[in-house]
Amino acid sequence: MKVTTGLKSQGGRLLREGGGVDRGSQNSVLAESEIWSELRAIQDRVGEQEVELQTHRDSVASLEIENRALVSRVSASEEQLAALRAELEVSKNELQLDETAMRSSGTKVAFSAALSSGKFGPHNTETPLVYRRSITNLGGAYSSNTGVFTAPVEGAYYFRFTAMNNKHGENMAVNLYRNSQRIIHNSKQNDGNTFLSNAAVLHLNQGDEVYMRLHVNCGLFENDDTYNTFSGFLLYSM
Numbered sequence: 003m004k005v006t007t008g009l010k011s012q013g014g015r016l017l018r019e020g021g022g023v024d025r026g027s028q029n030s031v032l033a034e035s036e037i038w039s040e041l042r043a044i045q046d047r048v049g050e051q052e053v054e055l056q057t058h059r060d061s062v063a064s065l066e067i068e069n070r071a072l073v074s075r076v077s078a079s080e081e082q083l084a085a086l087r088a089e090l091e092v093s094k095n096e097l098q099l100d101e102t103a104m105r106s107s108g109t110k111v112a113f114s115a116a117l118s119s120g121k122f123g124p125h126n127t128e129t130p131l132v133y134r135r136s137i138t139n140l141g142g143a144y145s146s147n148t149g150v151f152t153a154p155v156e157g158a159y160y161f162r163f164t165a166m167n168n169k170h171g172e173n174m175a176v177n178l179y180r181n182s183q184r185i186i187h188n189s190k191q192n193d194g195n196t197f198l199s200n201a202a203v204l205h206l207n208q209g210d211e212v213y214m215r216l217h218v219n220c221g222l223f224e225n226d227d228t229y230n231t232f233s234g235f236l237l238y239s240m
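Residue numbers (the working numbering): 3 to 240.
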């Protein structure tokens, strides 16, 4: 049996018999066309976003490269700065040494002093000897008020002393000190107008002190003939 639908096709559209258009089929075709159009628009937008995303990735990669380069330059600059600071410190130290050497090379130090006239000792304790009669005091390193020589610069110094006692039977002894250290002890049994002398070369730091002391239970005698002297001078600075 043949079934008659009452529809026929014209130009891709379904027509009812009698010439009418099938509205349901037409709407379906239109909807499908719109869907494809939207899908193509979405695909286009996705493609644009992918391009933008890749552009951002490229920008980030470029920034990371620039950042690493900047970090390397900063590190190199810090190392150069540290090297410059070290060189500057060395230069400062060398300059200070040069200035010290220049000052030292121009330092003139020499002194000689004698005891005042009179009798000294004996005492039951060791006592300072103050040579109040200043004969020479170049550089002013010796104090005639205290009897102490104070080194103005580090260096090698020469010191010499003489001593005399005229009292028969009385011991005579003197001591040379550097700071609190006794360097020389000289003594003699007096048999009338007895003399002694000695000398030493000492390495002194700036501010070191050198002085003489009268030994315990010993005596000295002095008059205008200058028997008892204490002298010294700078050999060379260091």
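C-beta: ideal position from N, C-alpha, C; glycine also.
With a threshold of 16 other CB atoms inside 10 Å of the CB of residue i, please say whether the residue is buried or exposed.
{"i": "His217", "result": "buried"}
{"i": "Tyr144", "result": "buried"}
{"i": "Ser30", "result": "exposed"}
{"i": "Asn126", "result": "exposed"}
{"i": "Thr231", "result": "buried"}
{"i": "Ser239", "result": "buried"}
Less than 8 Å separating the beta-carbons of residue i and residue j?
{"i": "Leu177", "j": "Arg135", "result": "Contrary to the premise, residue 177 reads as Asn rather than Leu in this sequence. Not in contact: Asn177 and Arg135 (Cβ atoms no closer than 8 Å)."}
{"i": "Arg162", "j": "Ala116", "result": "no"}
{"i": "Asn225", "j": "Ser119", "result": "yes"}
{"i": "Phe223", "j": "Asn168", "result": "yes"}
{"i": "Leu83", "j": "Gly157", "result": "no"}
{"i": "Asp160", "j": "Gly234", "result": "The residue you asked about is not Asp; residue 160 is Tyr in the sequence shown. Contact: yes."}
{"i": "Asn207", "j": "Leu198", "result": "no"}
Give me the Cα-Cα distance between residue i and residue j, rounded to the nearest whole angstrom.
{"i": "Thr228", "j": "Leu97", "result": "46 Å"}
{"i": "Ala165", "j": "Gly123", "result": "13 Å"}
{"i": "Glu54", "j": "Ile37", "result": "25 Å"}
{"i": "Arg184", "j": "Glu128", "result": "12 Å"}
{"i": "Tyr133", "j": "Lys94", "result": "42 Å"}
{"i": "Val73", "j": "Leu204", "result": "58 Å"}
{"i": "Pro130", "j": "Leu90", "result": "48 Å"}
{"i": "Glu40", "j": "Arg75", "result": "52 Å"}
{"i": "Asp60", "j": "Glu50", "result": "15 Å"}
{"i": "Arg87", "j": "Glu68", "result": "28 Å"}
{"i": "Lys190", "j": "Gly171", "result": "10 Å"}
{"i": "Glu66", "j": "Leu32", "result": "51 Å"}
{"i": "Ser77", "j": "His58", "result": "28 Å"}
{"i": "Arg42", "j": "Glu52", "result": "15 Å"}
{"i": "Arg70", "j": "Ser35", "result": "52 Å"}
{"i": "Asp46", "j": "Ser64", "result": "27 Å"}
{"i": "Lys121", "j": "Val92", "result": "57 Å"}
{"i": "Gly141", "j": "Ile186", "result": "25 Å"}
{"i": "Ile137", "j": "Ala85", "result": "54 Å"}
{"i": "Gln56", "j": "Ser79", "result": "34 Å"}
{"i": "Thr148", "j": "Glu81", "result": "55 Å"}
Helix, strand or coil: how does DSSP classify residue i here?
{"i": "Arg70", "result": "helix"}
{"i": "Ala153", "result": "coil"}
{"i": "Gln208", "result": "coil"}
{"i": "Ala85", "result": "helix"}
{"i": "Thr164", "result": "strand"}
{"i": "Arg134", "result": "coil"}
{"i": "Asn95", "result": "helix"}
{"i": "Leu9", "result": "Because the pLDDT at Leu9 is just 45, under 50, the model does not fix this residue reliably, and the point stays unresolved."}
{"i": "Tyr143", "result": "The identity of residue 143 in the sequence shown is Ala, whereas the question assumes Tyr. If DSSP states are grouped into helix, strand and coil, Ala143 belongs with coil."}
{"i": "His187", "result": "strand"}
{"i": "Gly234", "result": "strand"}
{"i": "Leu55", "result": "helix"}
{"i": "Glu224", "result": "strand"}
{"i": "Val203", "result": "strand"}
{"i": "Val111", "result": "coil"}
task = Answer yes if the segment 149-167 comes into contact with the segment 202-221, meaning at least three C-beta pairs across the two stretches below 8 Å, and no otherwise.
result = Judged by Cβ distances under 8 Å, the segment 202-221 makes contact with the segment 149-167, as three or more pairs qualify.
ask   = Taking one C-beta from the segment 162-176 and one from the segment 218-227 each time, how about it: are there three or more such pairs within less than 8 Å?
value = Verdict: yes, contact present.
message = Taking contact to mean 3 or more Cβ pairs, one atom from each stretch, closer than 8 Å, check whether the segment 107-120 and the segment 179-194 are in contact.
response = Output reads no: the segment 179-194 does not touch the segment 107-120.
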